[in-house]
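2 protein chains.
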Amino acid sequence: MTGASARTIATAAGVNQALIFYHYGTVDDLLAAACVTTTRSRVARYADRFAAVTTLRELLDVGRALHAEELAEGNVSMLAQLLAAAQTGHKLAGPTGEALQLWTAEIEAVLHRLLADSPFSEFADIPGLARAIAAAFVGLELYEGVDPAGADQALSALSQLAVLVELVDELGPLATRVLRSRLKRATRPT
Amino acid sequence: MTGASARTIATAAGVNQALIFYHYGTVDDLLAAACVTTTRSRVARYADRFAAVTTLRELLDVGRALHAEELAEGNVSMLAQLLAAAQTGHKLAGPTGEALQLWTAEIEAVLHRLLADSPFSEFADIPGLARAIAAAFVGLELYEGVDPAGADQALSALSQLAVLVELVDELGPLATRVLRSRLKRATRPT
DNA sequence: GTCTATAGTAGGATAGAC
DNA sequence: GTCTATCCTACTATAGAC
């Protein structure tokens, strides 16, 4: 987390460095608070777009827009970097987990809506899928930092995967029956 | 990257701190070298298991095993943390990107093998999919640090998704035809 | 090549004036 | 609540003995 010292944060905010400790106690506490509040406002700003999503591919498009906006604001992968910092046993784990939860809740709501009439929804672990999508997005943000072209390629590939899921929705009862037996077998692995 | 200072690394290695600068110049250069070499050896150690994979779910199982082993060695999300550190314009970007590439190459080979006879392979962007899987795994590693239960749930959900992909492989020409038109349409979005 | 010693620096945190 | 001034710690990096 180099670059996120009390001094740099204070000067960026145009205030004195001592104020950070007066208001937040420690730098980590400031980062924790900032993580949750900025995520909260960002989620709120995207609520409309999430609500307008009607297909999985559109959900990915929202992800693209979100990433582009973060890039423009210089906030790229802020959450990802805080998650990385939280790995070494810090108290950042709680707040960053909470921030991630804000995103997963939003994704979960969209998935519930999209897959309501899908044969897949009969077995789908929607909360788990939402978490997987959030985690994948975090990973893509980090990927972007070291290989932008590769990250973009990965996103496009996910669009193809989304098409595949949508396909099952429209294959009718035959596919539903096959899928049902497959998933039942999958829960009792070899 | 607190906890990865020249001092801690040196004492962990049982040597003197000055040696790090003698051999590597800077700490970042050491981390860059360590990132590539440990990833290389880790990939080599898993080559057999990757080669034995016959289904997408088995690929996910390899991922689970990999994660468990990293956990046991105390190396959890090393690559993820280095990717995060590389975000802030460091020279770590190159080596970490290279390390990630080692994983994606392995995944890509598996996917090529698994999807060779699949109708999906006709259109699938295998390299892109491999990158997406690698990125998702990185994200899951970070997720694990702040919410182990959620990360595990996400992995299980991905298994369901893998089942779905396998399903399409066995639906025959009808599904193939529908899928083909869908993907063609998807490349020219609304 | 490996050690000791040390210079120089950045950052966390507090005390106290205003 | 906000500032200045300051202490202390941990770190990078180098010089030089062995």
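Going down the list, the sequences are from chains A and B.
Under the working numbering, the first residue of the first sequence carries the number 1, and numbering increases by one thereafter.
Under the working numbering, the first residue of the second sequence carries the number 1001, and numbering increases by one thereafter.
Cβ atoms here follow ideal geometry from the backbone N, Cα and C, with glycine treated the same way.
So, helix, strand or coil for residue i, using DSSP?
i, result
"glycine 1025 of chain B", "coil"
"glutamine 1101 of chain B", "helix"
"lysine 1184 of chain B", "helix"
"serine 1005 of chain B", "coil"
"aspartate 1117 of chain B", "coil"
"leucine 1092 of chain B", "coil"
"glutamate 69 of chain A", "helix"
"glycine 1193 of chain B", "Residue 1193 of chain B is absent from the structure shown; chain B starts at 1001 and stops at 1190."
"tyrosine 1046 of chain B", "helix"
"glycine 150 of chain A", "helix"
"valine 110 of chain A", "helix"
"valine 165 of chain A", "helix"
"glutamate 122 of chain A", "helix"
"leucine 158 of chain A", "helix"
"valine 1015 of chain B", "coil"
"leucine 31 of chain A", "helix"
"threonine 171 of chain A", "Note that residue 171 of chain A is leucine in the sequence shown, not threonine. In the structure shown, leucine 171 of chain A sits in coil (DSSP, three-state: anything other than H, G, I, E or B)."
Can you round the beta-carbon distance between residue i and residue j to whole angstroms, since I take them to be within the 8 Å contact cut?
i, j, result
"arginine 1131 of chain B", "glutamine 153 of chain A", "6 Å"
"valine 138 of chain A", "glycine 1139 of chain B", "4 Å"
"glutamate 108 of chain A", "valine 36 of chain A", "Going by Cβ atoms, the distance from glutamate 108 of chain A to valine 36 of chain A rounds to 19 Å, so no, they are not a contact pair."
"valine 168 of chain A", "alanine 175 of chain A", "6 Å"
"alanine 1084 of chain B", "glutamine 81 of chain A", "5 Å"
"arginine 165 of chain A", "leucine 56 of chain A", "Residue 165 of chain A is actually valine in this sequence, not arginine. About 6 Å separates the two Cβ atoms, so the contact holds."
"alanine 1006 of chain B", "valine 1027 of chain B", "5 Å"
"alanine 136 of chain A", "alanine 1136 of chain B", "4 Å"
"tyrosine 1143 of chain B", "alanine 1151 of chain B", "4 Å"
"leucine 79 of chain A", "alanine 86 of chain A", "The pair is not a contact, with the Cβ atoms about 10 Å apart (cut-off 8 Å)."
"leucine 1114 of chain B", "leucine 1129 of chain B", "That pair is no contact at about 11 Å."
"threonine 104 of chain A", "alanine 134 of chain A", "5 Å"
"glutamate 141 of chain A", "histidine 23 of chain A", "With 8 Å as the limit, glutamate 141 of chain A and histidine 23 of chain A do not qualify as a contact, their Cβ atoms being about 29 Å apart."
"leucine 223 of chain A", "arginine 40 of chain A", "In the structure as shown, chain A starts at 1 and stops at 190, and residue 223 of chain A therefore has no counterpart that could be examined."
Taking the alpha helix (DSSP H) that residue i falls in, what are its first and last residues?
i, result
"proline 1127 of chain B", "1126-1146"
"threonine 54 of chain A", "Run containing threonine 54 of chain A: none; DSSP gives neither H nor E here."
"leucine 1082 of chain B", "1078-1086"
Does residue i come within less than 7 Å of chain B when only Cβ atoms are used?
i, result
"serine 181 of chain A", "no"
"alanine 186 of chain A", "yes"
"valine 43 of chain A", "no"
"glycine 63 of chain A", "no"
"leucine 142 of chain A", "yes"
"leucine 19 of chain A", "no"
"glycine 74 of chain A", "no"
"glycine 25 of chain A", "no"
"leucine 71 of chain A", "no"
"valine 146 of chain A", "yes"
"alanine 51 of chain A", "no"
Does the beta carbon of residue i sit closer than 7 Å to a beta carbon anywhere in chain A?
i, result
"aspartate 1028 of chain B", "no"
"serine 1005 of chain B", "no"
"valine 1163 of chain B", "yes"
"glutamate 1158 of chain B", "Residue identity differs from the one stated: residue 1158 of chain B is leucine in this sequence, not glutamate. Taking Cβ atoms only, chain A reaches closer than 7 Å to leucine 1158 of chain B, which makes this a yes."
"leucine 1167 of chain B", "yes"
"glycine 1150 of chain B", "yes"
"alanine 1154 of chain B", "yes"
Check: Name the residues in the region 1111-1140 of chain B whose C-beta lies less than 9 Å from a C-beta of chain A; which are they?
Finding: Residues Phe1120, Phe1123, Ala1124, Asp1125, Ile1126, Pro1127, Gly1128, Leu1129, Ala1130, Arg1131, Ala1132, Ile1133, Ala1134, Ala1135, Ala1136, Phe1137, Val1138, Gly1139, Leu1140.
Next item on the list: Could you list the residues in the region 80-97 of chain A with a C-beta less than 7 Å from some C-beta on chain B, going in chain order?
Entry: Flagged, chain order: Ala80, Gln81, Leu83, Ala84, Ala86, Gln87, Thr88, Ala93, Thr96, Gly97.
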